[in-house]
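Notes follow once the structure below has been shown.
Protein chains: 2
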Amino acid sequence: MTPTPITEAFDAVEVIAAKRDKHELTDAQIDWVVDAYTRDVVANEQMSALAMAILLNGMNRREIARWTAAMIASGERMDFSSLSWPTADKHSTGGVGDKITLPLAPLVAACGVAVPQLSGRGLGHTGGTLDKLESIPGWNAALSNEQMLHQLEDIGAVICAAGSGLAPADKKLYALRDVTATVEAIPLIASSIMSKKIAEGTGSLVLDVKVGTGAFMKNLADARELAETMVALGTDAGVKTVALLTDMSTPLGLKAGNALEVAESVEVLAGGGPADVVELTLALAREMLAAAGKTDIDPAGVLASGKAMDVWKRMITAQGGDPDAALPVSKETHTVNAPASGTLVRLDAMGVGVAAWRLGAGRSRPGEAVQAAAGVVLHAKPGDSVVEGQPLLTLHTDTPVRFARSLAALEGAFEVGDRLAGAGSVVLDRVIG
Amino acid sequence: MTPTPITEAFDAVEVIAAKRDKHELTDAQIDWVVDAYTRDVVANEQMSALAMAILLNGMNRREIARWTAAMIASGERMDFSSLSWPTADKHSTGGVGDKITLPLAPLVAACGVAVPQLSGRGLGHTGGTLDKLESIPGWNAALSNEQMLHQLEDIGAVICAAGSGLAPADKKLYALRDVTATVEAIPLIASSIMSKKIAEGTGSLVLDVKVGTGAFMKNLADARELAETMVALGTDAGVKTVALLTDMSTPLGLKAGNALEVAESVEVLAGGGPADVVELTLALAREMLAAAGKTDIDPAGVLASGKAMDVWKRMITAQGGDPDAALPVSKETHTVNAPASGTLVRLDAMGVGVAAWRLGAGRSRPGEAVQAAAGVVLHAKPGDSVVEGQPLLTLHTDTPVRFARSLAALEGAFEVGDRLAGAGSVVLDRVIG
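Residue numbers (this note's numbering), protein chains in the order written: chain A, 1 to 433; chain B, 434 to 866.
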């Protein structure tokens, strides 16, 4: 380990020490440390110490905005202004069973607003949108910028892998935070998300900030702070930004897994699907249309008309997938039955998320393969009546050795009682700029 | 960056997260993380995040004791029980002009207690004992354990480089802390010092904990906390340990540098030298003798007798040095004169330390060469009367280009006024187990 070369504008130790001692970082310090980290002049062990100091001592709004700008400046920026469509993007902070992007992107496109959805792969208990779509035979996540723009103009919706050119500082920092217990810092989460979204060049952005046991943000106050921080960052950067705070105490819909969630998304596009998935898809579609200035169209009518399903099929086909092909089915299943009769009063999102992950739906380390058919199917949701012995959950995997650890994750994760439990609305609050 | 292999007892992220979230680390977590770091299973970027979390959230006495024990267990332990002498060691937390080890080790040996002084090289504004002795022509810091034990039995005093086998976890962690702004954490400072001293196998230990502008600990409360932590660690490990809190607001003695400090140490051994250096040498000698159970001898009498000088010459000669050789003299000097007549009311230790460092007495990065003759000579100490235009400080270097930055470090570092300023005692307080 060598100190910072004296030809640099700052010394890494002095920048770390400033945040360690609860000082505000100056604009020049932030610009330098993000740039020097991208250039490998600030070492990983220095950035992780700084990230921990930021996590524990915080950053104010000015520091977060500058940090975000520095991460955007570390790479290329995209530009959708040549499109004939208005554009709106959506980002979810991650939850269990959160397949909303799949029906939402074609629905919003069918309403006349283009959706450029640059997505990632999953790590940990929350699944990745690309992993889900890759369970469709032939579907390809990797598009060039030109292919992406062409598909966006032609179809109005594209879901593909984010190129390595957008905010490379964020890419490097995110991998570091993941192994150094510095993920859970609001300034770092907000700047990570918003640097990519602003660099991507969307005209408007709707944020789905998850709250509850299955989310990063366990309580409403933290989620609101994160939402307000991101909305301010977007607004200041000229992107019309709004956030919904939505419930993640229980999984979204009835299916968590890759092919399982594609199947449920197709149900929604066909006019069916679980009520909470439909509710959240429509709520986010209305926000995206409003943010893009398109307030004359009701997405519920468009969904019912089948036009969203048409866009879905064109979008999947354009990326090499066969939307009518049968989805993979797991080799083994294991069913958990209700231990008593009564009302399902709780079904914990984190328990289900970890169970699905351990069944093979997610990965423990970057680059690991996931199982297309693995996951959890719910047969009841909180508020539903259940009868002792009826199926409550079905676990799917190709590798039955995984059942034991998956079942361990579900211990204490559900509760059948005699209390009344309302299903409630999935949308808890709304944050605007 | 890859996560911790699943064959390990813990995941690094979970240990970091525990301290991040202000939990106590368990004994098993501490044993694992220190061992796994030594084995390169816990990566530098993970340990630096943990170090920052420890710095900001602290460790309790049990955690610090366990951390120290784990660092001791990472390497070999030495054993002085075969010696015919009782042993006592001394450690200073580092200050400007702190050459006390040089006269102290031969003095205590001349009183009948052997002093095994495993020392380091300097980094930053506080000098290293080995750097100072290496200004003596021919002197060699590297001894094998056998050579060291032989010299200790034969002469009673040895000052040499610590072998790489003692507390390798600390060696690795110290280098990491140095570049990640995580040096200034009492639990990490205490465990670093005490792991080496306990592994070294001394029977008793006297700690010189510096307080003031030129020390790590800027105020008495922090210094006392560090001293109490280290005394408890030593006592619990069966090493009779005592600490003196001593003043480091102004340099010790009149000389700061390598050869300059050797010369001043020889003055003390010859019965002269500055009052504060003599006072602190005798105070530490009395503590070491008492800790080793030797209370019948007055070190002041032994110093006056010339016996300590005899041991010094034998000790230097045994390690290849010529105690009668002329010491290196700098090629250039620059004198700073008193700006007014009056009393020197302040002469800042940090200013003088940084000035000496920039003149070439210290190094900016590990492995850099130091100048034997570089440093600062003081012509007055706080409390002394000075006359306008008289020499106040003389700067010594072989490379005159260094004068400008050295003088910049002295700006505002001294003050001549008409206030009365007592010299005061250098020993501020005493902490026992």
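Ideal placement from N, C-alpha and C gives every residue a C-beta, glycine not left out.
Of the candidates V785/B, I569/B and D862/B, the residue whose Cα lies closest to the Cα of L825/B is V785/B. Taking a C-beta cut-off of 9 Å against chain B, the contacting residues of the segment 45 to 67 of chain A are E45, Q46, M47, S48, A49, L50, A51, M52, A53, L55, L56 and N57, listed in chain order. Not a single CB atom of chain A sits nearer than 7 Å to the CB of A590/B. Excluding five sequence positions before and after R499/B, the CB atoms of its chain that fall closer than 6 Å to its own CB belong to D460 and I463, given in chain order. A Cβ-Cβ distance of about 24 Å is found for the pair V431/A and R177/A, leaving them out of contact under the 8 Å criterion.
Straight-line measurement puts the Cα of A476/B at about 39 Å from the Cα of T241/A. Among the residues facing chain B, R39/A is not included, as its CB has no counterpart in that chain under 7 Å away.
In the DSSP annotation of this structure, the continuous segment of the alpha helix (DSSP H) that includes D276/A starts and ends at A275 to A291.
Excluding sequence positions up to five before and after T68/A, its CB lies within less than 6 Å of the CB of S191, M194, S195 and L233, all in the same chain and listed in chain order. Taken through DSSP and simplified to helix, strand or coil, N60/A comes out as coil. Residues of the same chain with a CB within less than 7 Å of the CB of T235/A, apart from the 5 flanking positions on each side, are T241 and G433 in chain order. Partner residues in the beta bridge of Q117/A, as assigned by DSSP, are I159/A. When secondary structure is reduced to three states using DSSP, T679/B falls in the strand class. In the DSSP annotation of this structure, the continuous segment of the alpha helix (DSSP H) that includes D603/B starts and ends at P601 to V612. Per DSSP, F403/A is one residue of the alpha helix (DSSP H) stretching across F403 to L410. Within the segment 171 to 184 of chain A, those residues whose Cβ lies closer than 7 Å to any Cβ of chain B are, in chain order, A175, L176, V179, T180, A181 and T182.
In the displayed model, N44/A falls within a helix according to three-state DSSP. Under a criterion of Cβ atoms nearer than 7 Å, the residues of chain A adjacent to A450/B are, in order, A181. T437/B sits in coil when the DSSP states are folded into three classes, being neither helix nor strand. With a 10 Å radius around the Cβ and a threshold of 16 neighbouring Cβ atoms, E801/B comes out exposed.
Between R453/B and chain A, the shortest Cβ-Cβ separation is below 7 Å. Counting of Cβ neighbours within 10 angstroms places Q479/B among the buried residues, the total reaching 16 or more. Scanning its chain for C-beta atoms nearer than 6 Å, with the 5 sequence neighbours on each side dropped, one finds around V448/B the residues Q462 and V466, in chain order. One finds nothing in chain B with a Cβ atom closer than 9 Å to the Cβ of V239/A; even the nearest lies about 31 Å away. By the neighbour-count criterion, in which a residue is buried when 16 or more other Cβ atoms sit within 10 angstroms of its Cβ, N691/B is buried. Contacts with chain B at 7 Å (Cβ-Cβ) include V13/A.
In the three-state reduction of the DSSP assignment, P187/A falls in the helix class. According to the DSSP assignment, S265/A belongs to the alpha helix (DSSP H) that extends over N258 to L269.
Every unbroken stretch of the alpha helix (DSSP H) spanning 4 or more residues and falling wholly within the segment 738 to 822 of chain B is given here in chain order: 740 to 751 and 782 to 789. With distances taken between CA atoms, I54/A lies nearest to P187/A out of P382/A, G273/A and P187/A. Sequence-distant Cβ neighbours of I622/B in its own chain, meaning closer than 8 Å and more than five residues away, are T526, V616, F649 and L659. Collapsing the DSSP output to three states places P86/A in coil. Taking a cut-off of 8 Å on C-beta distances, the segment 742 to 750 of chain B touches the segment 533 to 544 of chain B, as three or more cross pairs fall below it. The shortest CA-to-CA distance from V644/B to any of E441/B, V529/B, V446/B and R494/B is the one to V529/B. Membership of V466/B in the alpha helix (DSSP H) is indicated by the continuous run D460 to T471. If you draw a straight line from the Cα of R494/B to the Cα of T662/B, it comes to about 7 Å.
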